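Engineer: Attaching a single structure in structure tokens format; questions to follow.
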Amino acid sequence: MSFIVLRRERMISYLFKDGICFWGAMQIVALLISLLLVLRQVRLQNKVHLITSVNILLTKWRSEMYLKARRHVCENYSPDRTEFDHASSLVAGFFEELGVYWKKGVVDEDILWEFFSDQTVSYWAILKNQLLTIRKELDDSFFSNFISFYQRVQIICKKKKLPHSDLTAEEISKVIKGEMNNIQYMEISQDLSIKADSTSD
């Protein structure tokens, strides 16, 4: 037993001879701590980037321009409508943008699903006939990212054991009614905010 202890002491004495190995070990420890701090900073930056990206998307979706476009699309909905006007293009373009962010991994898939899955399913149902028509008449690559993201949302819904089939005519009517209420609420909120700002000035 004493022989083992003696060998261990000799090994330690050799490794830390003149303090060289000790300072080398300290440098390695310092390097590891630095790497951990860098990784922590990167993670924090990624979280900040994610929050900023989602906030930008939500702000755009709730902006006056998009509220008007959403209202126009809902008010003029028809299951056999083929006209693809500026409002339809604007709304579909938003979900095309979401599809690009999802495909490129710019924004986390789960976050996009949490914030925009309902709207994606709803506006796919509302704009479906218009989108399929313009893709057939012009180019089948139009709004392909919107379609891909919609399909991905359906897959996630299926995994989560949530409804994942296309909306029925009755469900679309309920969705439009709910969306109109949401739009009206946000428009009123914006008006009140503007009045409050003008009063404070």
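Add 3 to a position in the sequence shown, counting from 1, and you land on the number used in our numbering.
Heads up, the beta-carbon is just placed ideally off N, CA and C, and yes, glycines get one too.
Please read these numbers as outputs of a predicted model, since none were measured by experiment.
I think A95 touches L134, with their Cβ atoms under 8 Å apart; what is that distance to the nearest whole Å?
Structural biologist: That belief holds up - the Cβ atoms of A95 and L134 are roughly 6 Å apart, short of 8 Å.
Engineer: Starting from the Cα of N132, find the closest Cα among F146, F119, E190 and give me that residue.
Structural biologist: N132 has its Cα closest to that of F146, out of F146, F119, E190.
Engineer: In whole angstroms, give me the CA-to-CA distance for I186 and Y153.
Structural biologist: The straight-line gap from Cα to Cα measures roughly 22 Å.
Engineer: Quick one, which of R73, K163, V156 has its alpha-carbon nearest D111's?
Structural biologist: When only C-alpha atoms are compared, the closest one is V156.
Engineer: Hey, would you say K106 sits closer than 8 Å to S151, going by beta carbons?
Structural biologist: Contact flag set, yes.
Engineer: Since I believe Y104 is in contact with L115 (beta carbons under 8 Å), could you give me their beta-carbon distance rounded to a whole number of angstroms?
Structural biologist: 7 Å between Cβ atoms; contact.
Engineer: Apart from the five residues just before and just after I137, which ones in its own chain have a Cβ nearer than 7 Å to its Cβ?
Structural biologist: Excluding residues within five positions, the ones whose Cβ falls inside 7 Å are F87, F145.
Engineer: Helix, strand or coil for V76? Go by DSSP, reduced to three states.
Structural biologist: In the structure shown, V76 sits in a helix (DSSP, three-state: H, G or I).
Engineer: Quick check: the Cα distance between K63 and K164, rounded to an integer number of angstroms?
Structural biologist: Taking the straight line from one Cα to the other gives about 30 Å.
Engineer: Could you check which residue in R73, Q193, N184, I54 has the C-alpha nearest to that of Y126?
Structural biologist: It is R73 whose Cα lies nearest to the Cα of Y126.
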